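If you're matching positions, the sequence shown starts at 300 in the working numbering and goes up one per residue.
Cβ coordinates follow ideal geometry from the N, Cα and C atoms, glycine included.
Source: prediction; values computed, not measured.
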Amino acid sequence: MHYERSERFEPARLLTSLAWHCGRLLTLRGDWKAMPDSAAFVWLLLSVMVLGGLSEQLVRGHSLTSALVSTLLWLGVVLAVSSHRGSLNRRLVAALALLSIGIEALLILTVWLPAAEWPVAIWSGLAVLR
């Protein structure tokens, strides 16, 4: 007898998929067209990106005001780059947000590994430009 597996939300599977996509984007092998075209997914990633940006700035010892300004400026850049004639490309926003989350995580780790900061910054710049 064959039983169909019901489709249900599995957080572990979602996190594994996000980590895989983030790794592909960071290693310059990802494709933004492979991201889901979902508004809820985009807003979830943007929320995590903003929290990650704030965390990264606060871990480095910046004031809350400075952290908010730099994080919101980056959010504006991501949204501006992803919009074309007023419409938002949700797949591109999701890819840039996921890439930003990975970069923020690496930059937080460089607080404890200062020698890795320049390579992370240079590689992140290449990944974003790609």
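Range covered by the alpha helix (DSSP H) that runs through residue i
{"i": "Thr370", "result": "363-381"}
{"i": "Ser316", "result": "310-325"}
{"i": "Gly351", "result": "338-358"}
{"i": "Val427", "result": "416-428"}
Residue burial classification, residue i (beta-carbon count within 10 angstroms, cutoff 16)
{"i": "Arg390", "result": "buried"}
{"i": "Met300", "result": "Reliability fails at Met300, whose pLDDT of 49 lies under 50, so the model's placement of it is uncertain and no value is given."}
{"i": "Leu363", "result": "exposed"}
{"i": "His383", "result": "exposed"}
{"i": "Leu398", "result": "buried"}
{"i": "Ala396", "result": "buried"}
Residue i, DSSP secondary structure in three states
{"i": "Leu398", "result": "helix"}
{"i": "Leu412", "result": "coil"}
Nearest-angstrom beta carbon gap, residue j and residue i [assumed within contact, 8 Å]
{"i": "Glu403", "j": "Gly352", "result": "6 Å"}
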